[in-house]
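These protein sequence lines are chains A and B, in that order.
Residue numbers for the first sequence follow this note's numbering, so the first one is 93 and each next one is one higher.
Residue numbers for the second sequence follow this note's numbering, so the first one is 93 and each next one is one higher.
Working notes for the structure below.
There are 2 protein chains.
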Amino acid sequence: MLNRTHGVRLGLSVGRQHHLQRLVLRRRAEDVVGLDSSDDASIDQAVNLMNRTSLAGVVVLSPSDPMLERLRLERLRAPWFVEAEPALEEGQDDTAHHPFAQVVNHLADLGHERFFYVGGPLTWLPARNRRAAYREVIRRRGLVNCGETTGEWGAPWGAQAMRSFPVGDKPTAVVAASDQLALGALHWLHERGIRVPEDVSVTGYDGIPDAAYFWPPLTTVEVDFAHLGRRTVDALLAHEASGRRPDDTTGPTSTLVVRASSGASATAR
Amino acid sequence: MLNRTHGVRLGLSVGRQHHLQRLVLRRRAEDVVGLDSSDDASIDQAVNLMNRTSLAGVVVLSPSDPMLERLRLERLRAPWFVEAEPALEEGQDDTAHHPFAQVVNHLADLGHERFFYVGGPLTWLPARNRRAAYREVIRRRGLVNCGETTGEWGAPWGAQAMRSFPVGDKPTAVVAASDQLALGALHWLHERGIRVPEDVSVTGYDGIPDAAYFWPPLTTVEVDFAHLGRRTVDALLAHEASGRRPDDTTGPTSTLVVRASSGASATAR
């Protein structure tokens, strides 16, 4: 469809490869290519590569702020579209209805009142939005936020975050900003003999396939990355056809998946 | 360095993205691009894409047999190099010294005598080589192979494989062909209350970062994918410089990492 301008599209992904993998596997595998670029130098190099190649368009998936900033500075020649959620603010209804709110509401419905939050890197909009949604539900439902951490997305940072777990404040729920952060948190709890979910419930976010095989299997929000990818590629195609970006970017993209890592609060039993 | 022929190199990866991720992060991020292609149609499309783009060379990482076959049929124009281990045969010393042999020897050194093998898809050379190495150590050390499975690489197939676990034969060690297969095996054992490592030891292979956070943390062989990647890219560069492929493709590429998922055999205690 994009062949008249040579027909090579690049999807530029930054570190969280599973977004792109699903997208690539399900949609237009011939034209979407993943680049992992996590620092300024490699982003500059990626832009140079893209400017040397004939591109109909570039899809940028879930970028960090520094990444977006570099892309703006570097003057990418091809039209580019960013797959990114809008920035949320605390106090707004949108924030209370972000998909991330589902795990916090689920835990509150199970009787949990005291929470600990294991967050992602705040240079990423999704990390800021997830924290905003967490805080919003805590506030609206009169729950207690016993502490928050920020870090990177992977399991090591989940385990490290738990060093700040305020045992004395008796939190009964750990809300992690990603499944891999939750994996690290589970590891820390197991090491100390704290039972999941009998003593502490743990939830993740993203819905990576492995999460169903963590121990205990992880309650999470499964995000439909293929849908997000299609939506973004459709926006790119619509732009090529009409010069305009389509208005409709809504649709179901996430589902709460309840597994054994979350259970009734010990204090509520 | 490859700019005289436009300077775009593509690394073609097939499904096991962590190879490529590490490669991309550590070496020449500007020029190595990942394509996930798991079926004939998408491989054909990938080759078409590569033939439409100016490429100095293509690096093919750990392909499956059908993938290699398609690449041969499809006449890729750019020079291409395959990162693949040589095919191993049972009865050879090379087979007994494949890095995969390290987990089996480690378990035998702990006193394990009765083994169960959770294998990968046999259309992949690495899956065949790992099974050959497993069988070779079992044979040379006079151990008992209580059963073998084949499947895909991921956790769901690890859990499914364990349905064939011959409880009556009392195997005390599960050797999985990948860390994610091991994750599925751990899940199955936990669900049945079989303790790891007290009742059954489990080992993986690859050394993905999450494996250190599995429960219990997974004994595995950490493969230096960055080294494999550099070696392959170096072969490509050497070919461009001299028209010949370098002979030296040896070097350390793997390390046994012992964690809590493997312990002394109950029968040996």
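For glycine and all other residues, C-beta sits at the position ideal for the given N, C-alpha and C.
These numbers were taken from a predicted model, which means no experiment stands behind them.
- Excluding residues up to 5 positions away in sequence, T215 lie with their Cβ nearer than 6 Å to the Cβ of D157 of chain B in the same chain.
- Residue pairing of Y209 of chain B in beta bridges, as defined by DSSP: B:E240 and B:V267.
- Secondary structure note for T187 of chain B: its alpha helix (DSSP H) is the uninterrupted segment D185 to A188.
- Sequence-distant Cβ neighbours of A352 of chain B in its own chain, meaning closer than 6 Å and more than five residues away, are P308 and P309.
- Straight-line measurement puts the Cα of Q272 of chain A at about 24 Å from the Cα of S346 of chain B.
- At a cut-off of 8 Å, the C-beta of H279 of chain B has a neighbouring C-beta in chain A.
- If you draw a straight line from the Cα of V196 of chain B to the Cα of L348 of chain B, it is about 11 Å long.
- Going by DSSP, L168 of chain B is part of no beta strand (DSSP E) at all; its letter is neither H nor E.
- Straight-line measurement puts the Cα of F257 of chain B at about 25 Å from the Cα of T187 of chain B.
- One alpha carbon belongs to A225 of chain B, the other to K262 of chain B, and they sit about 22 Å apart.
- In this structure the stretch 269-284 of chain A touches the stretch 207-221 of chain A; the number of beta carbon pairs closer than 8 Å is three or more.
- With respect to S270 of chain B, D298 of chain B sits close: the two C-beta atoms are nearer than 8 Å.
- Identification of chain B residues near P155 of chain A by a Cβ-Cβ cut-off of 9 Å yields none; the smallest Cβ-Cβ distance measures about 16 Å.
- Around the beta-carbon of A179 of chain A, fewer than 16 other beta-carbon atoms lie within 10 Å, marking it exposed.
- G260 of chain A is outside the set of residues whose beta carbon lies under 8 Å from a beta carbon in chain B.
- Annotation: E181 of chain B is outside any beta strand (DSSP E) and is labelled neither H nor E by DSSP.
- The three-state secondary structure of S293 of chain B, taken from DSSP, is strand.
- Taking the beta carbon of Y297 of chain B as reference, no residue of chain A falls within 7 Å; the closest one sits roughly 16 Å away.
- Counting only Cβ-Cβ distances below 9 Å, Q272 of chain A has contacts in chain B at P301, D302 and Y305, in chain order.
- Under the DSSP assignment, L348 of chain B falls in the beta strand (DSSP E) whose first and last residues are S346 to V349.
- In chain order, G243, L273 and G276 place their CB closer than 7 Å to the CB of W249 of chain A, counting only its own chain and leaving out the 5 sequence neighbours on each side.
- For R169 of chain B and N143 of chain B, the gap between their C-alpha atoms comes out near 6 Å.
- The Cβ of L328 of chain A sits no closer than 8 Å to any Cβ of chain B.
- In this structure V266 of chain A is buried. Its beta-carbon is surrounded by 16 or more other beta-carbon atoms within 10 angstroms.
- Non-local C-beta neighbours of E314 of chain B in its own chain, meaning closer than 6 Å and more than five positions away in sequence, comprise G299, T347 and V349, ordered along the chain.
- When the alpha-carbon of T312 of chain A is set against those of A:L329, A:V294, A:A247 and A:I230, the nearest one is in A:V294.
- Counting along the chain, the unbroken alpha helix (DSSP H) around V229 of chain A starts and ends at L217 to R232.
- Identification of residues in the stretch 170-189 of chain A having a C-beta nearer than 9 Å to some C-beta of chain B yields an empty set.
- R223 of chain B places its beta carbon 8 Å or farther from that of A200 of chain B.
- Around the beta carbon of E290 of chain A, fewer than 16 other beta carbons lie within 10 angstroms, which makes this residue exposed.
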